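Working notes, structure below.
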Amino acid sequence: MKKKYLKIFLLASPFYLKGRSADKLHHLVVARMMEKILKENPKLDSDVMMAVALLHDIGYAKIPKHKIGSFWAKKIKKDHMRLGAELAQDILGRINFPQGKIERVCEIIATHDNPELGLPIYSYEAEVLKEADILWMTTEEAFWLDIGRRQIQPEEWLTTLEKRFSKDPEYKPYIKTKFGKGRVRNFLRQMRKKLRGQP
């Protein structure tokens with residue numbers, strides 16, 4: 001990770017720790033996914049995209065702890081985007097990030113979970129963030145965290161993920177890159193083998 005992105009990560013770290021239990025890991029994974037996606041999209045502004053990857057969910061730090069467990073609730077989703085944009089503006093201002101880029105980062109953060117609220121995403125950049133964010137679910141860490149959080153069996157969750165990635169309008173339309181499609185396909189195949197006890 002470039003030094004300027006590491007600065008963002010370090011300034012955001014206290015907020016990761018105040019948010020959901022896996023937020024620090026989540027943001028690192030999303031940043032890693034974003035780096036791969038950017039290789040296929042060299043025209044995107046990597047500073048803006050890496051900043052949104054590292055800051056998109058920090059708004060959860062401002063949600064009272066007793067409400068975080070219901071992070072899928074619409075009001076919480078809406079609030080975390082708004083609060084995250086405010087925190088991102090402060091963090092990026094502290095490292096003298098260009099004002100125009102700060103505004104773009106905040107716009108993306110403020111709308112990145114719109115599909116879960118039944119609202120559209122208004123920019124290609126926000127769609128790219130959505131892909132990187134969804135690809136978090138293609139890690140074993142996310143897989144096992146979701147099983148614990150949802151209290152379901154691994155087979156059941158894997159079947160749900162297979163359906164979501166093949167049909168669900170909240171997921172399928174956002175996996176657009178060759179990297180993303182390959183990652184989803186490989187993850188589902190590997191997890192299916194693992195759950196069957198195959199090497």
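Just so you know, full-length UniProt numbering puts 146 at position 146 of the sequence shown, and the rest follows in order with no gaps. All C-beta atoms, glycine included, are put in the ideal place defined by N, C-alpha and C. For clarity, every value in this text was computed on a predicted model and none was experimentally measured.
Indicate whether residue i and residue j have their beta-carbon atoms separated by less than 7 angstroms.
| i | j | result |
| --- | --- | --- |
| valine 184 | threonine 139 | no |
| leucine 54 | histidine 27 | yes |
| leucine 117 | lysine 74 | yes |
| valine 52 | lysine 101 | no |
| histidine 56 | histidine 112 | yes |
| isoleucine 109 | glutamate 125 | no |
| glycine 76 | alanine 12 | The displayed chain sequence assigns isoleucine, not glycine, to residue 76. No, Cβ-Cβ distance for isoleucine 76 and alanine 12 is not below 7 angstroms. |
| isoleucine 95 | lysine 7 | yes |
| isoleucine 58 | leucine 87 | yes |
Taking only beta-carbon atoms, is residue i less than 7 angstroms away from chain B?
| i | result |
| --- | --- |
| glutamine 89 | Any reference to chain B falls outside this structure, which holds one protein chain only. |
Taking the continuous alpha helix (DSSP H) assigned at residue i, which residues delimit it?
| i | result |
| --- | --- |
| lysine 172 | Element bounds for lysine 172: n/a, residue is neither H nor E. |
| serine 82 | One detail in the question is off: residue 82 reads as arginine in this sequence, not serine. First-last of the alpha helix (DSSP H) with arginine 82: 74-94. |
| isoleucine 108 | 99-109 |
| asparagine 186 | 178-195 |
| lysine 3 | 3-18 |
| glutamate 116 | Glutamate 116 -> no alpha helix (DSSP H), and no H or E assigned at all. |
| lysine 24 | 23-40 |
Mapping the DSSP letters down to three states, classify residue i as helix, strand or coil.
| i | result |
| --- | --- |
| isoleucine 152 | coil |
| serine 123 | coil |
| alanine 53 | helix |
| threonine 159 | helix |
| aspartate 133 | helix |
| lysine 43 | coil |
| threonine 139 | coil |
| isoleucine 147 | helix |
Assign residue i to one of two classes, buried (16 or more other C-beta atoms within 10 Å of its C-beta) or exposed (fewer than that).
| i | result |
| --- | --- |
| leucine 135 | buried |
| glutamate 156 | exposed |
| lysine 181 | exposed |
| arginine 150 | exposed |
| proline 14 | exposed |
| glycine 148 | exposed |
| glutamate 131 | buried |
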